[in-house]
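Protein sequence lines correspond, in order, to chains A and B. This note's numbering applies: residue 1 is where the first sequence begins, and numbers increase by one. This note's numbering applies: residue 1 is where the second sequence begins, and numbers increase by one. Here's the structure, in structure tokens; my notes come after.
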Amino acid sequence: MGREVSVVPGSVDGVSEIPSSPEVLIRAEGLVKTFAKKQGPAFTAVAGIDFEVRRGEVFGFLGPNGAGKSTTMRMIGCVSPVSGGRLSLFGMEPNSQGPRIRARLGVVPQEDSLDLEMRVRDNLHVYGRYFGLPRSIIRERAERLLEFVQLGDRAKEKVDSLSGGMKRRLTIARALINDPEILILDEPTTGLDPQARHVVWDRLYRLKQQGVTLILTTHYMDEAEQLCDRLVVMDKGRIAAEGTPRELIEQYATREVLELRFPLGEQEQAAEKLEGIGQRLELLPDRVLVYAEDGEAALAEVRGRGLEPMTALVRRSSLEDVFLHLTGRTLVD
Amino acid sequence: MSTSTQILTPDAAATERSRQVPGGLVLSWRQFRFWFTLFHRTWRGTVLSAILGPIMYLTAMGVGIGTLIDQNHSLPGGVNYLSFIAPGVLAATAMQTGIGEGSFPVLGSIKWNGNFWAAVNTPQRPEDVMLGTAMQGLMRILGLCVVFFASMLGFGTVHSAWGLLALPVALLTGAVFLFAMMSFSVTLDTDQGLTIVFRFVMTPLFLFSGTFFPWQQLPGWMHPIAFATPLWHGVELSRELTLGTVDAGSALIHVGYLLAALALAYWLARRNFRRRLYLDR
């Protein structure tokens, strides 16, 4: 973000830095979050997870609604006390050092929480003041950040008049006003139309290139694949798998997937006949997935067995397939 | 990030400073300034209604009802009706403002506007958000009370120099209700709870705390209830001060009661803000 990047490999003031071991910014060990209930046992939203986030990477939490992603994000954002295990950011504990940690974070919550009555620029001003930034600095940064999120010409309008995608971009700009070391985004493109999503992705990609550490949650596999260097798949409060998108796909899915649809009622019979084709079959309510290294060859084999699906589609495996394999469920219902 | 350069740019220096988190009062002040920014465009309307309100009220009560009452009956101490109710309405106005400022601004910040959720993503803690919001409520209470008090002076209802102290007493009364209301509003998800408070708490208090008639007129069984409400103490003390009938003993009891109520309300507000904004419920 316009800061002077003066990373000199080798030595700084005579102390040598090792560029090959990136600094760990966030470390979680056995992290737990429980919510007390008025009656009955406490509800466990996060059931003991471990992860590390290093400086400069884009780290993702992928999972369905209710997997514990947002709760984890709130603990990282120091607005939800840690119930058990250990969590540290910049070497500090959220439960005791919340404000000091938050001073170094940028947060884009799931709901924009913008001040609709205020002008676009004033939203950045009041937020910047929470960090104690001087007026001149806020003005300078607000201008730069609004340009960055392509809202430069909207600075004097009321937030009310912005579209959903613009509001999200404004929230991103607002989260960057304190020049954060980590930007936390909770489902940054949920509820946006495809075009608006691409604009947001583009901006996040630029931030990544500028070296900002990003943490995001999503239940969109394409988002995770496009943006994340590393991610964890969460399900029911636990981490089901961890790795780069590529590694996860290689580990938990085949290179290609053949998607078959059969007429209503005929899927089960067909599935029996499909047995043995490809490495693995996955039966969904509306289609059958055949995991195979070569989708076209698998399709030829299907036809060779006398089956004629209504539609057949060969595609590359995605994180959706990883998730399906790990949890037996699809990401977006 | 660029700490390897010895001399920081003004921008980087500001970032460094922003990471040194200050004490609670500075953080609360930042929250107060949020409200100031939000309301600074509408202040003219606020001031106008603050001035017109008391003038209309005192005219209607004093010239209208007061004339009727003063012709037929005399009040304790032989004061005229306007002088009797004006300090009561002063305290009651403080209460109403306190309850008002502790209701929709708080609930709106959580449910509709979301500015509290935005604030706690910065170095602001729930208690800073709470105190900063209370500061703006206290400012309004003080502003309204000053205007009302000035009107009282204009209508000749302040009969003693002690009367000036009715102003801090009214502020204290308003503060009790402000913090109490904030502690309640922050737990809500809809405005139904607010309506209940307005109808079944605020209005009865307004009517039965000795604001408009001597509390001795109430049936005996209601006296303990009146004594238990902070408004009654605020009304009584304000009246004793402006009429000049104050004595140290009762003043101490009134102030002591109000301070104790304030401490309790403040503690509750702090606790409930933390529970809500730190998502631990």
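For each residue, glycine too, the CB sits at the ideal point set by N, CA and C.
If we ignore side chains and look at the alpha-carbon of each, how far apart do B:ILE110 and B:VAL186 end up? By 1-based counting over the second sequence, the position of residue 110 of chain B is 110. By 1-based counting over the second sequence, the position of residue 186 of chain B is 186. Near 8 Å, if we compare the C-alpha coordinates of B:VAL186 and B:ILE110.
Using the rule of at least 16 other Cβ atoms within 10 Å of the residue's Cβ for burial, across every protein chain shown, is B:PHE116 buried or exposed? Within the second sequence, numbered from 1, the residue matching residue 116 of chain B stands at position 116. Classification for B:PHE116: buried.
Classify B:ASN113 as buried or exposed, calling it buried when 16 or more other Cβ atoms lie within 10 Å of its own Cβ. Counting from one through the second sequence, the residue named residue 113 of chain B turns up at place 113. Flag for B:ASN113 reads buried.
To the nearest angstrom, how far is the alpha carbon of B:LEU178 from that of A:ILE26? Your numbering for residue 178 of chain B matches position 178 in the second sequence. Your numbering for residue 26 of chain A matches position 26 in the first sequence. Computed Cα separation, rounded: 40 Å.
Going by C-alpha distance, which of B:ASN80, B:LEU27, B:VAL21, B:GLY108 is nearest A:GLU117? By 1-based counting over the first sequence, the position of residue 117 of chain A is 117. Comparing Cα positions, the closest option is B:GLY108.
Please list, in chain order, all residues of the same chain as A:ARG121 whose beta carbon is under 6 Å from its beta carbon, the five residues on each side excluded. Counted from its first residue, the first sequence places residue 121 of chain A at position 121. Closer than 6 Å at the Cβ level, and outside the excluded window around A:ARG121, lie ALA142, ALA155.
For chain B, find out if any of its Cβ atoms is closer than 7 Å to the Cβ of A:GLY40; answer yes or no. As a first step, residue 40 of chain A is located in the first sequence; it is residue number 40 there, counting from the start. A:GLY40 does not count as touching chain B.
Looking at the structure shown, is B:ARG274 part of a helix, part of a strand, or coil, going by DSSP? Along the second sequence, one-based indexing puts residue 274 of chain B at 274. Looking at B:ARG274 - three-state DSSP - the assignment turns out to be helix.
Which chain B residues sit within Cβ distance under 8 Å of A:GLU111? On the first sequence, residue 111 of chain A is found 111 positions in, with the first residue counted as 1. Near A:GLU111 (Cβ distances below 8 Å), the residues of chain B are GLY114, TRP117.
Just to confirm the assignment: which complete alpha helix (DSSP H) runs, minimum length 4, are found wholly within the segment 103-166 of chain B? 104-111, 115-119, 126-154
Express the C-alpha separation of B:ILE55 and A:ILE215 in angstroms, rounding to a whole number. One-based indexing of the first sequence puts residue 215 of chain A at position 215. One-based indexing of the second sequence puts residue 55 of chain B at position 55. Between A:ILE215 and B:ILE55, the C-alpha separation is close to 58 Å.
Are there three or more Cβ pairs, one per stretch, closer than 8 Å when the segment 189-205 of chain B is compared with the segment 261-280 of chain B? no
Near B:HIS233, which residues of its chain fall below 7 Å by C-beta distance, leaving aside the five closest residues on each side in sequence? Position 233 of the second sequence holds residue 233 of chain B. Cβ within range, chain order: HIS254, TYR257, LEU258.
B:PRO10: which of A:THR311, A:GLU23, A:GLU140, A:ASN65 sits nearest, CA to CA? By one-based count along the second sequence, residue 10 of chain B stands at place 10. For the residues A:THR311, A:GLU23, A:GLU140, A:ASN65, the minimum Cα distance to B:PRO10 belongs to A:GLU140.
Nearest residue (CA-CA) to B:THR229, options B:GLU240, B:TRP215, B:LEU241: Here residue 229 of chain B refers to the residue found at position 229 when the second sequence is read from its first residue. It is B:TRP215 whose Cα lies nearest to the Cα of B:THR229.
Is it true that the segment 308-317 of chain A meets the segment 286-299 of chain A, where meeting means three or more beta-carbon pairs spaced less than 8 Å apart? yes
Is A:ASN178 close to chain B, meaning its C-beta is less than 7 Å from at least one C-beta of that chain? Start at 1 with the first residue of the first sequence, and residue 178 of chain A comes out as number 178. Interface residue, yes.
Leaving out the 5 sequence neighbours to the left and right, which residues in its chain are closer than 6 Å to B:LEU131 when beta-carbon positions are compared? Numbered from its first residue, the second sequence carries residue 131 of chain B at position 131. Only SER28 meet the Cβ criterion.
Secondary structure at A:ARG303, three-state DSSP: helix, strand or coil? Mapped onto the first sequence, residue 303 of chain A falls at position 303. If DSSP states are grouped into helix, strand and coil, A:ARG303 belongs with the helices.
Is there a C-beta anywhere in chain B that falls below 7 Å from the one on A:ILE18? On the first sequence, position 18 is the one that residue 18 of chain A refers to. At A:ILE18 the pLDDT is 45, less than 50, meaning the model places this residue with poor confidence; the figure from the coordinates comes in the next sentence. Not closer than 7 Å to any Cβ of chain B, the Cβ of A:ILE18 fails to qualify, so no.
Can you confirm whether the segment 93-103 of chain A touches the segment 252-262 of chain A when touching is taken to mean that 3 or more C-beta pairs between the two stretches lie within less than 8 Å? no
According to the Cβ coordinates, are A:LYS273 and A:LEU307 closer than 7 Å? Position 273 of the first sequence, counted from the start, is the residue given in the question as residue 273 of chain A. Position 307 of the first sequence, counted from the start, is the residue given in the question as residue 307 of chain A. Yes, Cβ-Cβ distance for A:LYS273 and A:LEU307 is below 7 Å.
A:GLU256 - containing beta strand (DSSP E), residue span: Here residue 256 of chain A corresponds to residue number 256 of the first sequence, with the count starting at 1. Element bounds for A:GLU256: 256-261.
With distances taken from CA atoms, which of A:GLU181, A:SER83, A:ILE137, A:ARG168 is nearest A:THR190? Residue mapping note: residue 190 of chain A aligns to position 190 of the first sequence, counting from 1. It is A:ARG168 whose Cα lies nearest to the Cα of A:THR190.
If we call anything under 7 Å between Cβ atoms a contact, is A:GLY106 one with A:LEU31? Residue numbering aside, residue 106 of chain A sits at position 106 when the first sequence is read from its first letter. Residue numbering aside, residue 31 of chain A sits at position 31 when the first sequence is read from its first letter. Not in contact: A:GLY106 and A:LEU31 (Cβ atoms no closer than 7 Å).
Please report whether the beta-carbon of A:VAL130 lies at a distance below 7 Å from any beta-carbon of chain B. What you label residue 130 of chain A is simply residue 130 of the first sequence in a count that begins at 1. Per the sequence shown, the amino acid found at residue 130 of chain A is Tyr instead of Val. So yes, A:TYR130 belongs to the interface.
Note down, in chain order, each residue of its chain lying with its Cβ closer than 8 Å to the Cβ of A:ASP50, except the 5 sequence neighbours on either side. Numbered from 1 along the first sequence, position 50 holds the residue referred to as residue 50 of chain A. Counting only Cβ-Cβ distances below 8 Å, and skipping sequence neighbours, we find ALA28, GLU29, GLY30, LEU31, ILE239.
Taking only three categories from DSSP, how would you classify B:ALA170? Reading the second sequence from its first residue, position 170 is the one you call residue 170 of chain B. In the structure shown, B:ALA170 sits in a helix (DSSP, three-state: H, G or I).
At a CB-CB cut-off below 7 Å, which residues of chain B make contact with A:ALA103? Residue mapping note: residue 103 of chain A aligns to position 103 of the first sequence, counting from 1. Correct list: SER18, ARG19, VAL21, PRO123.
Hey, is B:ALA134's beta-carbon within less than 7 Å of any beta-carbon in chain A? Numbered from its first residue, the second sequence carries residue 134 of chain B at position 134. Chain A, which has no Cβ nearer than 7 Å to the Cβ of B:ALA134, makes this no.
Does DSSP put B:ASP189 in a helix, a strand or coil? Start at 1 with the first residue of the second sequence, and residue 189 of chain B comes out as number 189. B:ASP189 falls in the coil class under three-state DSSP.
Would the beta-carbon of A:LEU319 fall within 7 Å of that of A:PRO245? Numbered from 1 along the first sequence, position 319 holds the residue referred to as residue 319 of chain A. Numbered from 1 along the first sequence, position 245 holds the residue referred to as residue 245 of chain A. Yes, these two residues count as a Cβ contact at 7 Å.
Report yes if the CB atom of B:TRP43 is closer than 7 Å to the CB atom of B:GLN136, and no otherwise. The residue given as residue 43 of chain B occupies position 43 in the second sequence. The residue given as residue 136 of chain B occupies position 136 in the second sequence. Cβ distance not < 7 Å, so B:TRP43 and B:GLN136 don't count as in contact.
To the nearest angstrom, report how far apart B:GLY156 and B:SER83 are at their CA atoms. Numbered from its first residue, the second sequence carries residue 156 of chain B at position 156. Numbered from its first residue, the second sequence carries residue 83 of chain B at position 83. Between B:GLY156 and B:SER83, the C-alpha separation is close to 8 Å.
Can you find a C-beta in chain B that's less than 7 Å from the C-beta of A:VAL79? On the first sequence, position 79 is the one that residue 79 of chain A refers to. Yes, because at least one Cβ of chain B sits closer than 7 Å to the Cβ of A:VAL79.
Is there a Cβ from chain B that is less than 7 Å from the Cβ of A:VAL107? Taking the first sequence and counting its residues from 1, one reaches residue 107 of chain A at position 107. It does; some Cβ of chain B falls within 7 Å.
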